[in-house]
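Residue numbers (the working numbering): 14 to 391.
These notes are about the structure you will find just below.
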């Protein structure tokens with residue numbers, strides 16, 4: 014059993030981290046204030062192959078493993094978790110198109126998705142269906158031209174910003190088996206957006222409701238088969254959970270690194286505060302927690318890559334463990350900064366705010382426990 018990263022994986026991580034430090038970190042606070050991310054950033058990331066991390070090489074993607082992808086998101090999150098997580102959403106959508114789309118759909122959508130001229134968003138959650146995702150009410154009625162979609166999606170990252178949306182919609186009333194995945198392109202008739210949500214964290218990501226009123230989508234925009242959308246959505250979430258876990262680990266690592274440096278400089282009672290044994294214990298506990306969570310995350314990613322029968326359980330466990338560990342470490346780092354940690358200038362409070370939502374999205378951590386338990390007793 015080899016726990017070491019390969020040379021190629023180390024190079025991937027270093028490339029992503031260096032890009033983040035140069036192109037993201039210096040601007041993260043400004044983008045948060047502006048409530049948006051300049052689209053030029055995405056085309057720069059796409060030049061590194063990050064627009065289709067696990068899209069097949071035969072389609073122009075990078076063809077990376079899920080483990081490789083977690084390295085990218087962890088590294089980028091050291092500069093900004095919000096930016097890294099948004100890239101994860103785009104990649105999840107691109108992978109769904111590659112896995113389930115027809116050749117014609119792939120030919121039409123993927124090339125610009127890979128260059129990130131087309132930015133993709135994922136639309137599952139609704140105002141009345143969050144954890145109970147299969148209770149969604151958005152309908153897609155078949156007609157001669159394709160589908161007419163009517164319904165509202167909530168908390169959509171990229172709402173009113175992205176260029177295309179993968180929408181989970183009901184094509185029949187047969188529970189989860191009645192849900193299909195359909196691409197709705199920006200500018201379609203009947204497509205509109207709610208107001209910009211005023212969020213605690215992830216403030217650089219524009220988040221709005223996506224509203225459809227008899228919104229047309231051609232038949233070719235169906236992903237895979239009718240009635241299979243919920244299965245596709247759940248499969249996509251396994252990888253999404255790994256990615257959001259990686260974002261938590263990366264951002265928390267950044268907070269810890271900054272805290273170690275701060276404690277070496279900050280003096281109290283005549284000496285640097287990193288010389289107090291009680292505070293050293295806290296540093297050690299955070300390091301142990303982060304290293305443990307990172308190792309578990311990479312094991313879960315390996316299982317998903319291998320198609321292991323318990324991969325879904327491990328993705329759920331990794332998501333819960335890493336997001337809670339990340340938030341706990343970031344909060345402790347803020348505490349160790351004292352009053353300075355509460356100031357925006359030090360960047361720690363932003364990490365605390367950004368990471369809090371990771372315990373809610375991609376399936377709440379309560380649902381992660383439910384998934385885990387059901388796999389144990391089935």
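Beta carbons are placed, not taken as given, at the ideal position from N, Cα and C, and that holds for glycine.
ask   = Could you give the residue range of the beta strand (DSSP E) that holds residue 223?
value = Here residue 223 corresponds to residue number 210 of the chain shown, with the count starting at 1. Where residue 223 is concerned, the enclosing beta strand (DSSP E) stretches over 220-231.
Distance, residue 218 Cα to residue 398 Cα = Because the chain in this structure spans residues 14 to 391, residue 398 falls outside the shown range and cannot be described.
request  = List the endpoints of the continuous alpha helix (DSSP H) containing residue 308.
outcome  = Working through the chain shown from its first residue, we reach residue 308 at position 295. Start and end: 290-319.
task = Whole angstroms is fine: what's the gap from residue 149's alpha carbon to residue 192's?
result = By 1-based counting over the chain shown, the position of residue 149 is 136. By 1-based counting over the chain shown, the position of residue 192 is 179. Straight-line spacing of the CA atoms in residue 149 and residue 192 works out to 9 Å.
query = Which one of 330, 301, 246 and 299 has the shortest CA to CA distance from residue 313?
reply = Walking along the chain shown from the start, residue 313 turns up at place 300. The residue with the shortest Cα to Cα distance from residue 313 is 330.
query = Thinking C-alpha only, which one of 234, 382, 165 and 309 is nearest residue 158?
reply = For the purposes of this step, residue 158 is taken as residue 145 along the chain shown, with counting starting at 1. The residue with the shortest Cα to Cα distance from residue 158 is 234.
task = Assuming residue 287 contacts residue 299 (C-beta within less than 8 Å), just tell me the rounded distance between them.
result = Here the question's residue 287 lines up with position 274 in the chain shown. Here the question's residue 299 lines up with position 286 in the chain shown. No, residue 287 and residue 299 are not in contact; Cβ-Cβ is about 13 Å, not under 8 Å.
request  = Counting only the same chain and skipping the five closest in sequence on each side, list residues whose C-beta sits under 6 Å from that of residue 87.
outcome  = The sequence position of residue 87 within the chain shown is 74, counting from 1. 259, 262 and 263.
inquiry  = Spatial neighbours of residue 128 within its chain, please: C-beta separation below 8 Å, excluding the five flanking residues on both sides.
reply    = For the purposes of this step, residue 128 is identified with residue 115 of the chain shown, where counting begins at 1. Closer than 8 Å at Cβ, skipping near neighbours: 56, 59 and 64.
query = When the Cα atoms are used, what is the spatial distance from residue 66 to residue 285?
reply = Against the chain shown, residue 66 aligns to sequence position 53. Against the chain shown, residue 285 aligns to sequence position 272. Spanning the two alpha carbons is a distance of roughly 43 Å.
task = Alpha carbon to alpha carbon, how far is residue 83 from residue 267? Give it in angstroms, no decimals.
result = Locating residue 267 in the chain shown gives position 254, where the first residue counts as 1. Locating residue 83 in the chain shown gives position 70, where the first residue counts as 1. Those two C-alpha atoms are separated by around 16 Å.
ask   = For residue 97, does the three-state DSSP call read helix, strand or coil?
value = In the chain shown, counting from the first residue as 1, residue 97 sits at position 84. Three-state DSSP puts residue 97 in a helix.
query = Who are the near neighbours of residue 365 in its chain, counting only those whose CB is closer than 7 Å to its CB and skipping five residues on each side?
reply = Along the chain shown, read from residue 1 onward, the residue named residue 365 stands at position 352. So the list reads 343, 344 and 347, once near-sequence residues are dropped.
ask   = Based on the DSSP secondary-structure assignment, which residues constitute the bridge partners of residue 197?
value = Here residue 197 refers to the residue found at position 184 of the chain shown. Answer is 178, bridged to residue 197.
key: Residue(s) in a DSSP beta bridge with residue 285   = As a working mapping, residue 285 is identified with position 272 in the chain shown. According to DSSP, residue 285 bridges with 280.
inquiry  = Under 8 Å: do the region 302-309 and the region 362-382 share three or more Cβ pairs, one atom per stretch?
reply    = no
task = Please state whether DSSP places residue 67 in a helix, a strand or coil.
result = Numbered from 1 along the chain shown, position 54 holds the residue referred to as residue 67. Of the three classes helix, strand and coil, the one that applies to residue 67 here is coil, per DSSP.
message = Looking only at its chain, what residues have a beta carbon closer than 6 Å to the beta carbon of residue 393, apart from the 5 residues adjacent to it on each side?
response = What is shown of the chain runs 14 to 391, which leaves residue 393 out entirely.
inquiry  = Just list the residues that DSSP pairs residue 212 with in beta bridges.
reply    = Against the chain shown, residue 212 aligns to sequence position 199. DSSP output for residue 212 lists no bridge partner at all.
key: DSSP three-state assignment for residue 360, whether helix, strand or coil   = Translated into the one-based positions of the chain shown, residue 360 becomes position 347. The answer is coil: DSSP assigns residue 360 none of H, G, I, E or B.
request  = Grab me the residues of residue 115's own chain with a C-beta within less than 7 Å of its C-beta, minus the 5 sequence neighbours each way, in chain order.
outcome  = What you label residue 115 is simply residue 102 of the chain shown in a count that begins at 1. Its chain contains 233 as the residues whose beta carbon lies nearer than 7 Å to that of residue 115, once the 5 sequence neighbours on both sides are disregarded; these appear in chain order.
ask   = Can you check whether the CB of residue 176 is closer than 8 Å to the CB of residue 145?
value = One-based indexing of the chain shown puts residue 145 at position 132. One-based indexing of the chain shown puts residue 176 at position 163. Result no, Cβ atoms of residue 145 and residue 176 do not sit closer than 8 Å.
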